[in-house]
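Trainee:
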Amino acid sequence: MPTFTKFEEIQVWQKAREITNRVYLLSNSGDFSRDFSLRDQAKRASLSIMANIAEGHGRRTTVEFANFLNIARTSAIELQSHLYIALDLNYIRKNDFDDLYDELEQVSKMTLSLARYLRDSGKKE
Numbered sequence: 761m762p763t764f765t766k767f768e769e770i771q772v773w774q775k776a777r778e779i780t781n782r783v784y785l786l787s788n789s790g791d792f793s794r795d796f797s798l799r800d801q802a803k804r805a806s807l808s809i810m811a812n813i814a815e816g817h818g819r820r821t822t823v824e825f826a827n828f829l830n831i832a833r834t835s836a837i838e839l840q841s842h843l844y845i846a847l848d849l850n851y852i853r854k855n856d857f858d859d860l861y862d863e864l865e866q867v868s869k870m871t872l873s874l875a876r877y878l879r880d881s882g883k884k885e
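Residues in the sequence shown are numbered consecutively from 761, following this note's numbering.
(1) Is it true that the CB of alanine 846 sits closer than 8 angstroms to the CB of isoleucine 852?
(2) Assign leucine 874 to one of two classes, buried (16 or more other C-beta atoms within 10 Å of its C-beta) or exposed (fewer than that).
(3) Going by beta carbon distance, what residues of the same chain come within less than 7 angstroms of serine 793, once the five residues before and after it are set aside?
(4) In this structure, does DSSP put tyrosine 851 in helix, strand or coil?
(5) Among Arg777, Tyr861, Thr822, whose alpha-carbon lies nearest the alpha-carbon of aspartate 880?
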């Protein structure tokens, strides 16, 4: 298993934290801030990415950690979908959409890679 002593050391968690901060900033302004349903769903999805990475790290086995990374990945994909609605309703600018979407793609790939690594290392143990 990787030698993360604290979840804050995990690079993908750090990236997810940055994304969450951006989502909060974007969703707390303009018309986005008044669309309570979409705003709250976007915030929850971003929080879920961070929380599942942290919770997975706290689990006892690499298999459990890998499963939580997959949940984090699906939350990243969910947030990408929410961003389309925010873009379509002109709540966010195209460049903000593109930047966040690309960052979520990176998080998705990072969680997938780490989950694969954990599963592969678990087979060797």
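Note that CB positions come from ideal geometry on N, CA and C, so glycine has one too. Since this is a predicted model, take the numbers as computed values, not measurements.
Mentor: Reading it off the structure:
(1) Your numbering for residue 852 matches position 92 in the sequence shown. Your numbering for residue 846 matches position 86 in the sequence shown. The answer is yes: Cβ separation under 8 angstroms.
(2) Counting from one through the sequence shown, the residue named residue 874 turns up at place 114. Leucine 874 comes out buried.
(3) Along the sequence shown, one-based indexing puts residue 793 at 33. Around serine 793: Ser787, Arg799.
(4) As a working note, residue 851 is residue 91 in the sequence shown. Residue state, collapsed to three classes: coil.
(5) The residue you call residue 880 lines up with position 120 of the sequence shown. If we check each option's Cα against that of aspartate 880, Thr822 comes out closest.
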